[in-house]
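Going by UniProt numbering, the first residue of the sequence shown is number 1, and it counts up by one from there. Backbone N, C-alpha and C define an ideal beta-carbon position, used for all residues, glycine too. Quantities reported herein were computed from a predicted structural model and do not represent experimental measurements. Worksheet for the structure shown next.
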Amino acid sequence: MKKQKYSSEKLYIQFKPYMMSVAFRMLGNLAEAEEIVHDTFLEYEKASISDIINHKAWLTKVCSNKAINYLKSAYKRREVYPGIWLPDEVPESLQAWDNLSREISPEEQTVLAESLTTSFLLLIEKLSPEQRVVYLLNEVFDYSFKEISEFLNKEVPTCRKVAQRARAAISSEKKNFSPPPINAEEIIIKFYEHVKSGDREALKAILSKDSEIWGDGGGKVFAAGHITDLEETITFFERLGATKIFHSNLYKMEYCKVNSRPGIIFSKKEDSGLWTFDTIMSYEFHGSKIARIYAQRNPEKLKTLLSKF
1 MKKQKYSSEK
11 LYIQFKPYMM
21 SVAFRMLGNL
31 AEAEEIVHDT
41 FLEYEKASIS
51 DIINHKAWLT
61 KVCSNKAINY
71 LKSAYKRREV
81 YPGIWLPDEV
91 PESLQAWDNL
101 SREISPEEQT
111 VLAESLTTSF
121 LLLIEKLSPE
131 QRVVYLLNEV
141 FDYSFKEISE
151 FLNKEVPTCR
161 KVAQRARAAI
171 SSEKKNFSPP
181 PINAEEIIIK
191 FYEHVKSGDR
201 EALKAILSKD
211 SEIWGDGGGK
221 VFAAGHITDL
231 EETITFFERL
241 GATKIFHSNL
251 YKMEYCKVNS
261 RPGIIFSKKE
271 DSGLWTFDTI
281 MSYEFHGSKI
291 ARIYAQRNPE
301 KLKTLLSKF
């Protein structure tokens with residue numbers, strides 16, 4: 001195979017979206033993904049470029065191994081994380097990563113979208129670092145086990161067995177949500193109108209019977225934690241509707257896609273006149289009813305996201 005020469009800048013421009021697409025799914029955190037990608041390109045600068053035949057494969061190999069090492073310490077930090085840990089809730093305008101510099105089929109696009117949801121990223125938290133990376137490379141990015149074995153310096157049967165264990169570990173935990181309904185924006189906005197008015201029956205009509213809230217405050221601000229009872233969920237939103245977030249012009253609510261799902265951004269106007277993120281939320285559905293609500297409120301995570309706008 002003929003070796004292709006790249007300038008570092010050209011390589012960075014061409015492959016950074018792909019690298020972020022891989023790294024974010026592997027880590028679930030934007031700042032950590034950017035660090036891994038940055039370190040991967042730094043390593044490329046130091047490498048003997050004349051020895052690299054397939055630059056994308058080389059970058060994937062380095063990124064994958066860095067992700068495995070990073071996850072080993074990240075998982076330990078998440079074990080002592082204060083309250084519920086959630087992946088970053090990333091607005092669609094920041095998700096240019098999946099523009100992978102090539103045409104992809106509708107089926108591939110569906111797989112990429114599903115693998116970006118908060119539900120999926122939480123699900124693969126159950127996997128070991130090695131299982132997570134192998135599973136993503138095979139199931140989402142369609143690498144063969146031969147390619148993965150070369151990335152991770154393992155035998156093909158070993159990689160296949162790791163993937164099988166990963167699938168088995170998450171298959172019983174996977175929730176089957178519906179694709180978001182066409183009128184998801186209308187449903188969500190109507191939901192918050194009922195939150196503001198405190199209409200319990202109207203809220204109950206929009207929420208599914210097994211609805212859940214997941215809230216991440218990072219131990220720094222109040223968050224819902226994990227609520228699985230419908231009546232408790234409704235009570236939580238009743239109380240939320242009475243707060244200033246719904247009764248002050250210092251707050252605003254905007255609909256957008258978040259982690260490839262319908263979402264809402266609540267922003268707060270600071271004394272400086274600048275708007276900052278207060279909460280970023282995404283939603284899963286059962287039919288036309290809201291089944292799961294994810295609310296990212298950790299100020300550090302929101303600050304990282306805001307800096308990208």
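Coarse secondary structure for residue i, derived from DSSP in three states
i      : result
Asp216 : strand
His286 : strand
Ile227 : strand
Lys154 : coil
Leu203 : helix
Ala33  : helix
Asp88  : coil
Ala163 : helix
Lys308 : coil
Met1   : Confidence in Met1 is poor, its pLDDT being 45 and thus under 50, which makes the residue's placement unreliable; the coordinate value appears in the next sentence. Met1: coil per DSSP, three-state reduction.
Ser50  : helix
Ala291 : strand
Glu45  : helix
Ser93  : helix
Gly211 : The amino acid occupying residue 211 in the given sequence is Ser; Gly does not appear at that position. If DSSP states are grouped into helix, strand and coil, Ser211 belongs with the strands.
Boundaries (first-last residue) of the beta strand (DSSP E) holding residue i
i      : result
Tyr143 : It is not in any beta strand (DSSP E) - Tyr143 carries neither H nor E in the DSSP assignment.
Gly263 : 261-269
Val258 : 251-258
CB of residue i within 7 Å of CB of residue j, strictly
i      : j      : result
Ile265 : Ile280 : yes
Ala74  : Lys126 : no
Ser260 : Thr117 : yes
Cys63  : Met20  : no
Ile290 : Ile206 : yes
Ala184 : His194 : no
Ser282 : Val258 : yes
Arg292 : Glu212 : yes
Phe277 : Leu240 : no
Val140 : Val162 : no
Ala31  : Thr304 : yes
Val37  : Ala57  : no
His286 : Ser208 : yes
Phe145 : Arg132 : no
Ile68  : Trp214 : no
Tyr294 : Leu86  : yes
Tyr81  : Phe41  : no
DSSP bridge partner residues for residue i (one or two, in chain order)
i      : result
Gln296 : Asp216, Ile280
Pro275 : Before going further, note that residue 275 is Trp rather than Pro in the sequence given. DSSP, once it has assigned bridges, lists Lys269 as partnering Trp275.
Ser178 : Phe285
Rounded straight-line distance, which links the Cα of residue j to that of residue i
i      : j      : result
Ala166 : Ser248 : 47 Å
Lys61  : Glu79  : 27 Å
Gly219 : Asp88  : 15 Å
Asp199 : Ile189 : 14 Å
Gln296 : Asp216 : 5 Å
Glu130 : Glu34  : 20 Å
Glu9   : Leu94  : 21 Å
Pro181 : Ser48  : 51 Å
Leu230 : Ala224 : 13 Å
Ile53  : Ala113 : 30 Å
Pro17  : Glu45  : 18 Å
Tyr135 : Ser105 : 20 Å
Gln14  : Ser197 : 49 Å
Tyr251 : Gly273 : 12 Å
Thr228 : Asp210 : 7 Å
Val90  : Ile124 : 18 Å
Met26  : Asp39  : 15 Å
Lys268 : Phe191 : 20 Å
Leu152 : Arg77  : 24 Å
Glu108 : Asp271 : 45 Å
Pro262 : Glu92  : 10 Å
Met1   : Asp51  : Note that Met1 has pLDDT 45, beneath the 50 cutoff, so the model's placement of it is unreliable and the number below is only indicative. Their backbone Cα atoms lie some 12 Å apart in a straight line.
Residue i - containing alpha helix (DSSP H), residue span
i      : result
His194 : 184-197
Pro129 : 129-135
Leu112 : 106-114
Lys16  : 8-27
Ile68  : 55-79
Phe120 : 118-123
Chain D contact for residue i (CB, 7 Å cutoff)
i      : result
Val140 : The structure shown contains no chain D; it holds only a single protein chain.
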